[in-house]
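In our numbering, the protein residues as written are 4 to 178.
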Ligand code: IMP
Ligand code: MG
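Structure, rendered in structure tokens:
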């Protein structure tokens with residue numbers, strides 16, 4: 004299939020995504036049972052994962068949304084990124100960051116560092132997709148729905164130049 008003039012092929016169909024999301028939800032329902040966690044969904048990419056995941060979460064919890072500012076152009080560095088939209092007081096709370104994909108790990112590391120300054124009790128990380136061959140950070144990822152090859156992916160919230168977020172399946176760049 005062609006998205007914005009680039010070729011992609013199917014990687015994960017909707018039913019496969021549903022079952023890996025289900026597995027993450029089950030783990031969370033048992034390990035976060037007594038934590039009243041605050042789930043922080045990283046927009047835009049994680050919106051679809053978060054919506055499906057949260058429908059499967061049965062424990063007492065809260066849910067909010069953040070964005071990471073991105074600087075257009077070539078001079079941007081991850082350390083300059085800021086978290087936008089966090090209004091909750093997170094001091095003493097168990098935070099679970101919900102991400103669409105962890106690639107190098109820079110984005111999540113920036114988020115973790117900024118959240119740490121607000122003194123939460125704990126920060127956990129949940130990601131739909133994880134690229135082990137691209138990851139170059141030290142922190143551990145608590146919940147990974149699916150590890151994927153180090154190629155560009157699109158669909159189920161992930162975009163390619165703004166396109167493809169609406170797709171129910173996940174597609175991989177086809178060379
Ligand atoms: P990282 O900072 O390198 O871990 O990249 C994380 C962010 O880059 C994700 O939150 C996505 O927004 C974006 N990203 C990384 N890999 C892909 C991909 O394969 N498709 C779409 N977006 C991606
Ligand atoms: Mg993202």
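Quick reminder that beta carbons are idealized off the backbone N, C-alpha and C, glycines included.
Who are the Cβ neighbours of residue i in its own chain at under 6 Å, not counting the five residues just before and after it?
| i | result |
| --- | --- |
| residue 131 | 52, 103, 148 |
| residue 123 | 93, 96, 98 |
| residue 39 | 63 |
| residue 54 | none |
| residue 158 | 167, 170, 172, 173, 174 |
| residue 112 | 140 |
Looking at the structure shown, is residue i part of a helix, part of a strand, or coil, going by DSSP?
| i | result |
| --- | --- |
| residue 150 | strand |
| residue 168 | coil |
| residue 174 | strand |
| residue 103 | strand |
| residue 159 | coil |
| residue 98 | strand |
For residue i, write down the residues that DSSP places opposite it in a beta bridge.
| i | result |
| --- | --- |
| residue 93 | Beta-bridge pairing links residue 93 to no other residue. |
Go through its chain and collect everything with a Cβ distance to residue i's Cβ below 7 Å, but skip five positions before and after it.
| i | result |
| --- | --- |
| residue 17 | 171, 172 |
| residue 32 | 60, 61, 62 |
| residue 76 | A caution first: residue 76 carries a pLDDT of 48, below 50, which makes its placement in the model unreliable, though a value can still be read off. No residues qualify anywhere along the chain. |
| residue 165 | none |
In chain order, what residues of the same chain lie with their CB nearer than 8 Å to the CB of residue i, ignoring the 5 residues before and after it?
| i | result |
| --- | --- |
| residue 160 | 47, 48, 49, 50, 51, 52, 103, 131, 168 |
| residue 117 | 85, 86 |
Could you tell me if the beta carbon of residue i falls within a distance shorter than 7 Å of some heavy atom in ligand 3?
| i | result |
| --- | --- |
| residue 105 | With respect to small molecules bound, the structure shown includes ligand 1 and ligand 2 and not ligand 3. |
Exercise for the section: Please determine if the region 89-103 and the region 42-57 are in contact, where contact requires at least 3 C-beta pairs separated by less than 8 Å. Expected result: yes
Handout entry: Ranges of the beta strand (DSSP E) found wholly within the region 105-143, counting only runs of at least 3
Key = 125-133
Exercise for the section: Run through the region 12-90 for me and flag every whole alpha helix (DSSP H) of 4 or more residues, listed as ranges in chain order. Expected result: 17-34, 50-58
Practice task
Flag this pair as touching only if the region 61-68 and the region 21-36 have three or more C-beta atom pairs under 8 Å; answer yes or no.
Solution key: yes
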